[in-house]
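K.L.:
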Amino acid sequence: MRQVSIVFMWVVLAIPALQWLANLSDPVLLESQLPPGQWLYLLSKLVAQYAFLLLTIQLGLGLSLVSNGAQTSLDYIILHRNIGLSVLFAVLSHACLFIGGVWLRSGHFPLAVLAIQFDKGYYNAFVSVGVIAACLLICVAMFGVARKRIPRLFRYFHRLAWLVWGLGVWHSIAIGTETNSLVVWSWLYWLAAFVMIPLFIFRLFKMMQNRLTISS
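In terms of UniProt numbering, the sequence shown is residues 1 to 216.
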C-alpha cells in the first residue's frame, strides 16, 4: 500500500510538468523569435500549477488529520512545514518569473504589477487578486513561524490559507491561459474538488457531532 501511495504521489507531481512540456510542442513556442521574457512567463505558468497543487495537498492533509482526530506528530509537523515552505517558494517564484518576463518585455521594472488595481481593467484586476493571495500567504507563513508566541492569533490567521486557496483558484481560472484548455487544467481542479469537498463535508459533520456530544 505504501508503494502504491508513493507511485501515485509521483504521478500526480509529474502531471503538471508533462502537460507543460506538451504545451511547448506548439510550433509557435518553438520559434526562435519569441518576445523578450517569454520563457520566464512560460516557466511562471509551470510554477503556478505546482503552487496550486502543493497548497491543495497541504490543506487536504491538514483537514484529514483534524477530521480524524489524530494526534499531531513531529513527523507531521515537519511535513506540514516543508510543504508550506514549498508552497511559499512556488508562489514567490511564480510572481518573480512573471515580473521578470514583463520587465524584459517592457524594458522597465513593472512596479504597477505589484499594486492593487481593480479599476484598471479585467486583466489587472485579477492580477491584483493574485497579489492579494500572495500577501495573505506570506502572512500565514509569518504567523506560522511565530505560532508558539502567539498561539491564539496563529489559530485564526492560519485559516487564511483557505482564502489563499480560493483566491488562487479564482485568479487562475480568470487569467491563467491553461484554464482555457480542459486537457491541461481540468485534472487539477477535479482532483482538488474530489479531495477537498468530501474532507470539508466530513470535517463539518465531525464539528456538529462534537457539539452535540458536548451539549448532551
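Even glycine gets a Cβ: it sits at the ideal position worked out from N, Cα and C.
For Lys45, does the count of other Cβ atoms within 10 angstroms reach 16, so buried, or fall short, so exposed?
P.N.:
Per the 10 Å Cβ criterion, buried.
K.L.:
For Val87, count neighbouring Cβ atoms within 10 angstroms of its own Cβ and tell me buried if that reaches 16, exposed if not.
P.N.:
buried
K.L.:
Any chance you could list the alpha helix (DSSP H) runs of at least 4 consecutive residues sitting entirely within the UniProt domain "Ferric oxidoreductase" (49–167), in chain order?
P.N.:
74–106, 122–145 and 151–157
K.L.:
Mapping the DSSP letters down to three states, classify Pro16 as helix, strand or coil.
P.N.:
helix
K.L.:
Taking the Cβ atom as the reference point for each residue, do Ile83 and Ile57 lie within a distance shorter than 8 Å?
P.N.:
Using a Cβ distance threshold of 8 Å, Ile83 and Ile57 count as a contacting pair.
K.L.:
Using C-beta distances below 8 Å, list every residue in its chain close to Leu54, excluding the 5 sequence neighbours before and after it, in chain order.
P.N.:
Counting only residues of its own chain and dropping the five nearest sequence neighbours on each side, Leu54 has a CB closer than 8 Å to the CB of Ile83, Ser86, Val87 and Ala90.
K.L.:
Run through DSSP, which three-state label would Ile197 get?
P.N.:
helix
K.L.:
Contact between the region 154–173 and the region 104–112: three or more CB pairs below 8 Å?
P.N.:
no
K.L.:
Where does Ser106 land, buried or exposed, given buried means 16+ other C-beta within 10 angstroms?
P.N.:
exposed
K.L.:
Nearest to Ala133 by alpha carbon, out of Val145, Val7, Leu40 and Trp170?
P.N.:
Checked all of Val145, Val7, Leu40 and Trp170; the closest Cα to Ala133 is Trp170.
K.L.:
Between which residues of its own chain and His94 is the CB-CB distance below 7 Å, once the five residues before and five after are set aside?
P.N.:
Ser44, Val47, Ala48 and Ala51
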